[in-house]
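Peer 1: Letter by letter, the sequence shown follows residues 76 to 195 in this note's numbering. Here's a structure for you.
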Amino acid sequence: MSKRILVVDDAAFMRMMIKDILTKNGYEVVGEAADGAQAVEKFKELQPDLVTMDITMPEMDGITALKEIRKINPNAKVVMCSAMGQQAMVIDAIQAGAKDFIVKPFQADRVLEAIQKTLG
Numbered sequence: 076m077s078k079r080i081l082v083v084d085d086a087a088f089m090r091m092m093i094k095d096i097l098t099k100n101g102y103e104v105v106g107e108a109a110d111g112a113q114a115v116e117k118f119k120e121l122q123p124d125l126v127t128m129d130i131t132m133p134e135m136d137g138i139t140a141l142k143e144i145r146k147i148n149p150n151a152k153v154v155m156c157s158a159m160g161q162q163a164m165v166i167d168a169i170q171a172g173a174k175d176f177i178v179k180p181f182q183a184d185r186v187l188e189a190i191q192k193t194l195g
């Protein structure tokens with residue numbers, strides 16, 4: 076059975092890029108969200124195997140959403156996505172329970188490596 080992934084990013088273009096990488100490599104993208112609040116709702120609804128989460132988003136940022144998701148499921152697997160130069164946020168994300176992070180612009184091999192490593 077293919078692994079089910081929720082893609083969260085406020086930029087539709089970024090969601091499309093990551094979705095493209097995942098589906099071409101046999102993963103099933105079960106949902107998308109454009110902000111952290113939507114991400115938490117979709118997580119409850121879809122129960123994905125993994126979430127890719129942008130850090131900087133409107134409504135609720137990725138780190139807050141990550142904490143909310145981990146309250147719902149302490150074993151949730153979340154891979155954070157951030158633009159260059161957000162090292163402090165990446166550290167916050169890891170401390171909040173993120174399993175890995177990917178830097179934008181996305182490189183397909185790095186995205187897949189993070190996902191495969193996180194899903195074990």
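Backbone N, C-alpha and C define an ideal beta-carbon position, used for all residues, glycine too.
Could you tell me which of Asp175, Asp110, Leu141 and Thr98 sits nearest to valine 154, measuring between CA atoms?
Peer 2: In the sequence shown, residue 154 corresponds to position 79, counting from 1. Of the listed residues, the one whose Cα sits closest to valine 154 is Asp175.
Peer 1: Just curious, the alpha helix (DSSP H) that glycine 111 is in, first and last residue?
Peer 2: Here residue 111 corresponds to residue number 36 of the sequence shown, with the count starting at 1. Counting along the chain, the alpha helix (DSSP H) containing glycine 111 begins and ends at 111-121.
Peer 1: Going along the chain, which residues of its own chain have a beta-carbon closer than 6 Å to the beta-carbon of arginine 90, five neighbours each way excluded?
Peer 2: By 1-based counting over the sequence shown, the position of residue 90 is 15. Hits under 6 Å: Val82, Asp84 and Glu107.
Peer 1: From which residue to which residue does the beta strand (DSSP E) around aspartate 129 run?
Peer 2: Your numbering for residue 129 matches position 54 in the sequence shown. From DSSP, the beta strand (DSSP E) with aspartate 129 extends over 125-129.
Peer 1: Just the Cα atoms here: how many angstroms apart are arginine 145 and lysine 152?
Peer 2: Counting from one through the sequence shown, the residue named residue 145 turns up at place 70. Counting from one through the sequence shown, the residue named residue 152 turns up at place 77. When rounded, the distance between both Cα atoms is 9 Å.
Peer 1: Report yes if the C-beta distance between methionine 104 and lysine 117 is below 8 Å; otherwise report no.
Peer 2: Here residue 104 refers to the residue found at position 29 when the sequence shown is read from its first residue. Here residue 117 refers to the residue found at position 42 when the sequence shown is read from its first residue. Before going on, a small fix: residue 104 reads as valine here, not methionine. No; because the gap between Cβ atoms is not below 8 Å, this pair is not in contact.
Peer 1: Assign glycine 137 to buried or exposed, taking buried as 16 or more other Cβ atoms, counted over all protein chains shown, within 10 Å of its Cβ.
Peer 2: Within the sequence shown, residue 137 is the residue found at index 62, counting from 1. Counting Cβ neighbours within 10 Å, glycine 137 comes out buried, since at least 16 surround it.
Peer 1: Note down the Cα distance separating glycine 195 from alanine 168, rounded to an integer number of angstroms.
Peer 2: Numbered from 1 along the sequence shown, position 120 holds the residue referred to as residue 195. Numbered from 1 along the sequence shown, position 93 holds the residue referred to as residue 168. In a straight line, the C-alpha of glycine 195 is about 20 Å away from that of alanine 168.
Peer 1: Buried or exposed: glutamine 113, going by 16 or more other Cβ atoms within 10 Å of its Cβ?
Peer 2: By 1-based counting over the sequence shown, the position of residue 113 is 38. With 16 or more Cβ atoms within 10 Å of its Cβ, glutamine 113 is classed as buried.
Peer 1: In angstroms, rounded to a whole number, what distance separates the CA positions of isoleucine 199 and glutamate 134?
Peer 2: Given that the chain is displayed from residue 76 to residue 195, the structure contains no residue 199 and the question cannot be resolved.
Peer 1: In angstroms with no decimal places, state the Cα-to-Cα distance between alanine 163 and leucine 121.
Peer 2: Position 88 of the sequence shown, counting from 1, holds the residue named residue 163. Position 46 of the sequence shown, counting from 1, holds the residue named residue 121. Taking the straight line from one Cα to the other gives about 30 Å.
Peer 1: Could you give the distance in angstroms between the alpha-carbon of proline 123 and the alpha-carbon of lysine 179?
Peer 2: Along the sequence shown, read from residue 1 onward, the residue named residue 123 stands at position 48. Along the sequence shown, read from residue 1 onward, the residue named residue 179 stands at position 104. One C-alpha to the other measures close to 22 Å.
Peer 1: Is valine 105 close to chain C? Criterion is C-beta to C-beta, closer than 8 Å.
Peer 2: The structure shown contains no chain C; it holds only a single protein chain.
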